[in-house]
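Number of protein chains: 2
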Amino acid sequence: MKPMTIGRLSSAAKVKVTTIRYYESIGLMGTPDRSASGQRLYGGVDVERLSFVRHARELGFSMDAIKDLIGLQTEPDQDCSAVDTIAQKQLAEVQKRLAQLEALERELKRMIENCRGGKVGGCQVMAAINDHSECETDKHERLKPL
Amino acid sequence: MKPMTIGRLSSAAKVKVTTIRYYESIGLMGTPDRSASGQRLYGGVDVERLSFVRHARELGFSMDAIKDLIGLQTEPDQDCSAVDTIAQKQLAEVQKRLAQLEALERELKRMIENCRGGKVGGCQVMAAINDHSECETDKHERLKPL
DNA sequence: GATACAGTCTACAGCGACTGTAGAGGCAAG
DNA sequence: CTTGCCTCTACAGTCGCTGTAGACTGTATC
């Protein structure tokens, strides 16, 4: 197999060129070979590794978690429970976030349903945002962006 | 009512001092009065406004949306439908995000259930992250952080 | 060979929504 | 008057990238 440039790797793994260079800079992809003129050269292994990273990102894993997973991947004889632990932790985070969002959804729906039109001055949606008191999702922890 | 310092406003509205200054810098809170020595001075109105911002943030509204809402709040005679539209949009985003996360939850659960222990080399979780093919959440759009 | 154009290179700034730091000055209680 | 917290400004850092500028490289067409 002959090596490919960063652009080919990019379309093969569906990760942007700039992102690949970024991943290299944070040590997620090793330092690739270079052509005589200094262009990065990659092989099939890199496509796999980068696709792995992409899918893990799509599953919401943090960069740190992904680094750990890649580290484990290179030691296939270790016990699999470390991997399991990372995945479990990720699932727990997803479920926590789901619960938050479900509460949010209920609250937004309630706000909107109570709105019967009219002027902003008497708007129930505004009132709902103002009166945090009656609200089921009270004492939120800081909500991360959607 | 006598004015309060930023620290009092902070505890009254449950928004950090630094965050209040940040909100001021982006034009979310007007420029407050200052004491002779240059300390910011706030009144009850500011507590309300800041609490409104906090709750809107907790509901996941973007800063831009909040700016719009505050703008509307100061014109109580306008039609309420503008407020409704913003809330509807927010609800739609929450629901979209919920759907993504539910798909994620299913996939993570499936991965973890298939894991029967053993070595990393044969780990089904790893395999699942590698094989994006069989996965129901294929062609994700970029997932925002949890 | 000349030219055009896409691809690649480095280095750095910017995004959102804050948080943290440094170093200086202000204010009230004991 | 000292102690100890509060406030001030200004700027760097967070995360996971994305965008920009300006220069070089590689390939296809004439």
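Residue numbers (this note's numbering), protein chains in the order written: chain A, 1 to 146; chain B, 1001 to 1146.
We treat Cβ as the ideally placed atom computed from N, Cα and C, and that holds for glycine.
{"Asked": "For residue 110 of chain A, three-class secondary structure by DSSP", "Found": "helix"}
{"Asked": "Closer than 8 Å to chain B by CB, residue 104 of chain A", "Found": "yes"}
{"Asked": "Opposing strand residues paired with residue 1046 of chain B [DSSP bridges]", "Found": "Per DSSP, none; premise fails for residue 1046 of chain B."}
{"Asked": "Against chain B: residues of the region 13 to 39 of chain A by CB proximity under 9 Å", "Found": "none"}
{"Asked": "Where residue 4 of chain A falls: helix, strand or coil (DSSP)", "Found": "strand"}
{"Asked": "Three-state secondary structure assigned by DSSP to residue 1077 of chain B", "Found": "coil"}
{"Asked": "With 16 other Cβ atoms within 10 Å as the buried cut-off, status of residue 92 of chain A", "Found": "exposed"}
{"Asked": "Sub-8 Å separation of residue 1111 of chain B and residue 128 of chain A beta-carbons", "Found": "no"}
{"Asked": "Minimum Cβ-Cβ distance from residue 45 of chain A to chain B less than 8 Å", "Found": "no"}
{"Asked": "Per-residue burial, residue 138 of chain A [other beta carbons within 10 Å of its own, 16 or more giving buried]", "Found": "Model confidence at residue 138 of chain A stands at a pLDDT of 46, short of 50, so the residue's coordinates are unreliable and nothing is read from them."}
{"Asked": "C-beta neighbour in chain A for residue 1065 of chain B, strict 8 Å", "Found": "no"}
{"Asked": "Option nearest residue 1162 of chain B by Cα separation, candidates A/95, A/104 and A/94", "Found": "With chain B running from 1001 to 1146 in the structure shown, residue 1162 of chain B is simply not present."}
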